[in-house]
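K.L.:
Here my numbering is used: the first residue of the sequence shown is 133, the next is one more, and so on. Beta carbons: idealized from backbone N, C-alpha and C, even for Gly. Computed from a predicted model, the values in this text were never measured in an experiment.
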Amino acid sequence: MIKDLKLTKAVVAIALGIVALIAAKIMEANRVDGNQILLAFSGVFFIAGALMFLYPIVFAKKADNEGEVVELKPVSKEPVIEEESA
């Protein structure tokens with residue numbers, strides 16, 4: 133699902149944010165200078181990841197052309213073939 137919606141960069145950004153937050157808290161506990169800069173980088177990674185998670189929602193295509201029912205449909209590489217039951 134993450135690969136279909138192209139969210140791998142968002143997951144990496146959130147993971148980097150978590151790692152930077154943990155490193156900043158360790159630096160703060162050991163009273164090392166520069167922990168505020170690392171905390172700022174963590175915030176930037178979290179914000180960038182959150183914005184990347186919103187990308188599929190903002191640019192989703194409508195599933196119904198008449199506009200009555202709107203569903204989010206991920207863009208896949210291969211066309212999806214739906215079988216009709218008789």
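1) Look up L139 in the DSSP assignment and say whether it is helix, strand or coil.
2) Near G166, what residues of its chain come up, given a Cβ to Cβ distance below 8 angstroms and the 5 sequence neighbours on each side ignored?
3) Which stretch, first to last residue, makes up the alpha helix (DSSP H) that contains F178?
4) Can you tell which of I146, T140, K135 has the C-alpha that lies nearest to the C-alpha of A180?
5) Does the distance from the C-beta atom of G149 to that of F185 stay below 7 angstroms?
P.N.:
In short, the structure shows the following:
1) Reading the sequence shown from its first residue, position 7 is the one you call residue 139. L139 falls in the coil class under three-state DSSP.
2) Your numbering for residue 166 matches position 34 in the sequence shown. Cβ contact annotation for G166 (same chain, cutoff 8 angstroms, sequence separation greater than five): M159, in chain order.
3) For the purposes of this step, residue 178 is taken as the residue at position 46 of the sequence shown. F178 -> alpha helix (DSSP H) spans 167-190.
4) Taking the first residue of the sequence shown as position 1, residue 180 is located at position 48. Each of I146, T140, K135 was checked against the Cα of A180, and the nearest Cα belongs to I146.
5) Here residue 149 refers to the residue found at position 17 when the sequence shown is read from its first residue. Here residue 185 refers to the residue found at position 53 when the sequence shown is read from its first residue. Taking 7 angstroms as the cut-off, the Cβ atoms of G149 and F185 do not count as close.
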